[in-house]
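The structure under discussion appears below in the form of structure tokens.
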Amino acid sequence: MTLLSLLDLSAVFDCVDHDILLCRLRTKFGVCGSALAWIESFLRGSTQQVFHRGHLSVRIVLLFGVLQGSVVGPILFLLYTAELFDVIAECGFTAHSYADDTQVYVSTAASDHIDAIERLVRCIVCIRDWMARN
């Protein structure tokens, strides 16, 4: 028997904290020097402005998020969330991800389904807590 949970993370590309991402790139992935400076300038240079009913809003600097339409945005998002796979593995589950959709699953004997469901619920709580911190 396979127990599967589908997580659809809404608007997560907009929730990436630039400071956390840059720290993680430096400490976990060893990105440094001009490569890190380039990524920082890519992130820190983003602004947003809205045109509505013939009026242009004030331009604001974006403190969070990576551009989905860019080549590097989805890669930065995956690097940002890579730690999530460690959380899921610590719970004894396997995960697959595509962009903002994540599948968490485990194969178990049918006789152990109640225990597996309880472990999955605990895993989802751990995922929620990780998301809240990050």
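53 is the number that my numbering gives to position 47 of the sequence shown; each next residue is one higher, with no gaps. The beta-carbon is built from N, C-alpha and C at its ideal position, and this holds for glycine as well.
Cβ pair residue i, residue j closer than 8 Å
i    : j    : result
V93  : I133 : yes
Y86  : R50  : no
D106 : F48  : no
R65  : C97  : no
L9   : V127 : no
F70  : D23  : yes
Burial state of residue i (16 or more Cβ within 10 Å)
i    : result
V131 : exposed
D139 : The question names Asp, but residue 139 in the sequence shown is Arg. With fewer than 16 Cβ atoms within 10 Å of its Cβ, R139 is classed as exposed.
C129 : buried
V5   : The question about residue 5 has no answer, for the chain in this structure spans 7 to 140.
I45  : buried
Spatial distance of residue i from residue j (CA atoms)
i    : j    : result
T33  : A43  : 14 Å
S12  : F91  : As written in the sequence, residue 12 is Leu, which differs from the Ser given in the question. Spanning the two alpha carbons is a distance of roughly 14 Å.
F152 : V78  : Residue numbering for the chain in the displayed model covers 7 to 140; residue 152 lies beyond these limits and cannot be assessed.
Y104 : L84  : 9 Å
I123 : V67  : 43 Å
V37  : I120 : 43 Å
Q109 : Q74  : 20 Å
R7   : S76  : Arg is not the amino acid found at residue 7; the sequence shown has Met there. Their backbone Cα atoms lie some 39 Å apart in a straight line.
D135 : D118 : 26 Å
D25  : A41  : 16 Å
H58  : A17  : 21 Å
Closer than 8 Å to chain C by CB, residue i
i   : result
G51 : Among the protein chains of the structure shown there is no chain C, as only one such chain exists.
Integer Cβ distance of residue i from residue j, believed to fall under 8 Å
i   : j   : result
L27 : L82 : 6 Å
Pick out the complete beta strand (DSSP E) segments inside the region 38-123, 3 residues or longer, and give them in chain order. 100-104 and 107-113
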